[in-house]
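Q:
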Amino acid sequence: MSYDDVEIEDMEWKEELKAYTYPCPCGDLFQISLEDLRIGEEIARCPSCSLYITVIYNPEDFSSSKDPPQSSKSGPQPIAVA
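Residue numbering for the sequence shown follows this note's numbering, beginning at 47 and increasing consecutively.
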């Protein structure tokens with residue numbers, strides 16, 4: 047049984063891991079790669095413990111793009127100052 051169901055929008059893209067991540071209670075991060083999402087995988091695993099989460103996402107968002115879709119948690123956005 048999955049530890050939790052998590053929306054992809056609540057996960058953070060880590061460029062160095064090439065994966066979406068989410069905090070695990072053990073202190074590490076659940077991870078799911080872009081390639082896994084493209085093939086329809088929905089389980090993000092923690093590399094340090096036995097827990098895993100179910101990732102809720104629209105597979106069509108990952109079917110053909112080279113880069114991960116932009117999420118609202120991608121960091122600060124530049125603003126124009128007049």
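C-beta atoms are modelled at their ideal positions from N, C-alpha and C, and glycine is treated no differently.
Can you tell me the Cα-Cα spacing of serine 79 and valine 127, whole angstroms?
A: When rounded, the distance between both Cα atoms is 37 Å.
Q: Quick one: residues in its chain with C-beta nearer than 6 Å to the C-beta of phenylalanine 108, no 5 flanking neighbours on either side, listed in chain order?
A: Once the five neighbours on either side are set aside, the close Cβ partners of phenylalanine 108 are Leu83 and Arg84.
Q: Bridge partners of serine 79, per DSSP?
A: DSSP output for serine 79 lists Ala65 as bridge partner(s).
Q: Determine the direct distance from the alpha carbon of valine 52 to that of glutamate 58, and round the result to whole angstroms.
A: Going by the C-alpha atoms only, they are around 11 Å apart.
Q: In the DSSP assignment, what residue or residues form a beta bridge with glutamate 58?
A: Its beta-bridge partners are Thr67.
Q: Report the rounded CA-to-CA distance for glutamate 55 versus valine 101, giving the unit in angstroms.
A: Glutamate 55 and valine 101: Cα-Cα distance of roughly 10 Å.
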